[in-house]
Every structure is written in C-alpha cells, then in structure tokens.
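Numbering (the numbering used here), first residue to last: 11 to 123.
Here a beta-carbon is modelled for each residue, glycine too, at the ideal position from N, C-alpha and C.
Because the structure is a prediction, the values reported are computed rather than measured.
Structure, as structure tokens:
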Amino acid sequence: MSCIFCRIAHGEIPARVVFQDDRVVAFHDVSPQAPVHVLVIPRVHVESLAASTSEQDALLGHILVTVRHVARALGVAENGYRTVINTGFDGGQSVGHLHAHLLAGRPLGWPPG
Ligand code: AMP
C-alpha cells in the first residue's frame with residue numbers, strides 16, 4: 011500500500027490520533043501550521059474532493075461533522091478555527107488522499123497564499 015494516509019488509517023505507520031471511528035481518522039499534522047493542526051481523513055481511499063462521487067456525499071458530511079467534534083474536543087470551537095480542503099494542483103494538495111485540515115489556536119490570515 012503506497013498511500014501514506016491509507017497506511018495511517020490501517021495503523022501501519024504511527025500518527026497522533028485524536029479521534030477515529032469506522033469511517034474516519036483524525037490525527038495531528040506532522041508539520042503543524044498553527045497551534046492546533048489536525049487532519050481528518052476517510053478510511054477509504056478517495057483521491058481528492060474533486061474525485062469523490064455522489065455515493066460518498068454522506069462520508070463528506072461525516073468528515074465535516076468530525077471536524078466540528080474534534081474542534082470542540084480540543085477546546086478551539088469557541089475562539090474559532092479554519093477548515094481547509096486543498097484540492098488538486100492549484101489547490102495545493104500534496105497528499106493524494108482526501109483530507110480536511112482543522113487549523114486553530116491563533117488568528118489566521120486571509121486571503122491564503
Ligand atoms: P495538503 O498539502 O493539503 O495535501 O496537506 C497534506 C498534509 O499532510 C500536510 O500538512 C503535511 O504536513 C501532512 N502530512 C504528511 N505526511 C504526514 C504524516 N505522516 N503524518 C501527519 N501529517 C502528515
């Protein structure tokens with residue numbers, strides 16, 4: 011299995027997991043861009059948001075619900091946070107397995123680079 015996030019989902023390489031269930035895994039980003047930087051991935055391999063199918067609509071919703079849950083659990087929901095899904099080359103996606111970033115713990119600039 012070559013996909014690094016599939017390997018994390020299968021427990022084959024370590025990650026600092028903060029939440030998981032039968033459909034998603036949430037873990038701390040290895041190169042945090044904010045005091046809180048968590049990634050939420052589906053266990054199933056989906057290349058990107060653009061590559062997802064209508065059969066995966068509920069899964070996409072569950073990823074956002076998980077972001078909401080993790081933000082509350084980590085105590086950042088009140089001050090606020092940013093949820094980012096980089097998609098494709100222009101979107102800056104570097105890992106080809108769908109993931110939502112949860113960034114929090116400092117004021118975040120806008121627009122992004
Ligand atoms: P993106 O650029 O949107 O594709 O984001 C990929 C993210 O995955 C980056 O923020 C990386 O720091 C993060 N990342 C890559 N490998 C790992 C890993 N083994 N464990 C945790 N985060 C990772």
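Excluding the 5 residues flanking it on each side, Ile95 has same chain C-beta neighbours closer than 6 Å at Leu59, Ala110, in chain order. For the pair Val86 and Val34, the CB atoms are not nearer than the 7 Å cut-off.
Those residues placing their Cβ nearer than 5 Å to any heavy atom of the ligand AMP are, following chain order, Asp39, Val40, Ser41, Asn96, Gln103, Ser104, Val105. A distance below 7 Å separates the beta carbons of Ala36 and Val48. Annotation note: the stretch 47 to 123 contains the following uninterrupted beta strand (DSSP E) runs of length 3 or greater, listed N- to C-terminal: 91 to 94, 110 to 114. DSSP places Ala36 in no alpha helix (DSSP H) but in the uninterrupted beta strand (DSSP E) bounded by 34 to 38.
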